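*Asks:* If you count the sequence shown from 1, position 224 lands on 205 in our numbering, and the numbers rise without skipping.
Cβ coordinates follow ideal geometry from the N, Cα and C atoms, glycine included.
Since we're looking at a predicted model, the values are computed, not measured.
Input: one structure, supplied below.
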Amino acid sequence: MTTHLVTVRNDIKRLLKSSKQVSNKTSILDVGGRKSPYTINLPAEITLLDVPQEEGTREELNLGFTEEILANIKKERSNIKDIVIQDMTKSTLLDGSYNAVVCVEVIEHVVEDDVFVKNISKVISKDGWAYFTTPNGDYIKNEGPNKNPDHVRHYTRLELKTLLEKYFDRVDVHYAVKTGKYRVKGLKSYKLGNPLGIITTMFSNIVNRFQSKGVANLSQETAHLIAIGYK
């Protein structure tokens, strides 16, 4: 698994252990979930929320629900409580209806980010939390242009913290995942007919995880921002 995936899953597991929900299982809204690997097999009740996939850029980048994705989710996921097909900026969900929200690599795609975060905050119950990740805007803005055609903006650490502090009582924002050749090699897909490639990818991910320790305050040469908002 990539360093980002491992980091996110470990973070969510830690947050789950500290959750103060009344029931045995935390209810989590996975915004932009689609085929999300971040909430698979978690001991929680997961609701996936995403928009329908549209032709054009969203289709090319495999963003949004399709009939095939929905069919596979229902067949392969055991912890799915519900699936909601809607835009979070136009949310009709009840206030306080979830213990937590997970939003991985989504907010950079959203035009109305203020409304988006506000609506996420509203659906979280007291003592709940929201977990966001997004590309590291401090590094992207200083080192080169946005290469993803569906990204509306990239946030610096301060920009993201300022936005979340409008709607959460406490906010933690930090950097994550060291960039470099091992991260790039670790992102390559496994091909069963290429055992050397599999070994290289696995080795690169292990190295990258070690490289990524202690980068929470390193703005340059890191690939992601992680933000947690607490209610």
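Going by beta carbon distance, what residues of the same chain come within less than 7 Å of Y211, once the five residues before and after it are set aside?
*Replies:* Contacts found: W110, F149, D150 and R151.
*Asks:* State the Cα-Cα distance for the pair N186 and F97, rounded to the nearest angstrom.
*Replies:* Their backbone Cα atoms lie some 32 Å apart in a straight line.
*Asks:* Does DSSP put D31 in a helix, a strand or coil?
*Replies:* Reduced to three states, the DSSP call for D31 is strand.
*Asks:* With a CB to CB cut of under 7 Å and the five nearest residues on each side skipped, what residues in its chain are close to D94?
*Replies:* Only I88 and L144 meet the Cβ criterion.
*Asks:* Would you identify the three-state DSSP class for N100, choosing helix, strand or coil?
*Replies:* If DSSP states are grouped into helix, strand and coil, N100 belongs with the helices.
*Asks:* Using 10 angstroms around the beta-carbon of A197, count the other beta-carbons present and answer buried if the total reaches 16, otherwise exposed.
*Replies:* Exposed is the call here.
*Asks:* Whole angstroms are fine: how far does the CA of P130 sit from the CA of E41?
*Replies:* Below a pLDDT of 50, predicted positions are generally treated as unreliable, and E41, at 48, falls in that range; no measurement from the model is reported.
*Asks:* With three or more beta-carbon pairs closer than 8 Å as the criterion, would you say the stretch 162 to 179 touches the stretch 189 to 206?
*Replies:* Counting Cβ pairs under 8 Å, three or more are found: they touch.
*Asks:* Strictly by DSSP, which residues pair up with V152?
*Replies:* Answer is G210, bridged to V152.
*Asks:* Just to confirm before moving on: does the CB-CB distance between I101 and V82 stay below 8 Å?
*Replies:* Yes, these two residues count as a Cβ contact at 8 Å.
*Asks:* Taking the straight line between their C-alpha atoms, what separation do you get for N123 and K6?
*Replies:* C-alpha separation (whole angstroms): 42 Å.
*Asks:* Can you check which of these residues, P24, G14, K99 and S106, is closest to I66 by C-alpha distance?
*Replies:* Nearest of P24, G14, K99 and S106 to I66, Cα basis: G14.
*Asks:* Under the rule that 16 or more other beta-carbon atoms within 10 Å means buried, what is V118, buried or exposed?
*Replies:* The sequence as given places Gly at residue 118; Val does not occur at that position. It counts as buried.
*Asks:* State yes or no: is the C-beta of L(-4) within less than 8 Å of the C-beta of A25?
*Replies:* Not in contact: L(-4) and A25 (Cβ atoms no closer than 8 Å).
*Asks:* Taking the alpha carbon of S72 as the point to measure from, which residue in H90, V104 and R58 has its own alpha carbon closest?
*Replies:* When only C-alpha atoms are compared, the closest one is V104.
*Asks:* Residue range of the beta strand (DSSP E) that Y112 falls in?
*Replies:* Unbroken beta strand (DSSP E) run through Y112: I105 to P116.
*Asks:* So if DSSP puts D11 in a beta bridge, which residue, or which two residues, is it bridged to?
*Replies:* L29 and V83.
*Asks:* Taking D214 as the reference, which of V85, L74, I64 and Y79 has the closest Cα?
*Replies:* Limits of the chain in this structure are -18 at one end and 212 at the other, which puts residue 214 out of reach.
*Asks:* Can you give me the Cβ contacts of T(-17) inside the same chain, cut-off strictly under 7 Å, excluding the 5 residues immediately before and after it?
*Replies:* Cβ neighbours of T(-17) beyond the five flanking positions: G167, L168 and N186.
*Asks:* With a CB to CB cut of under 8 Å and the five nearest residues on each side skipped, what residues in its chain are close to H90?
*Replies:* Result list for H90: G13, L44, D131, H132 and V133, in chain order.
*Asks:* If you check the beta carbons only, do L(-14) and P33 fall under 8 Å apart?
*Replies:* For L(-14) and P33, no; Cβs fall outside 8 Å.
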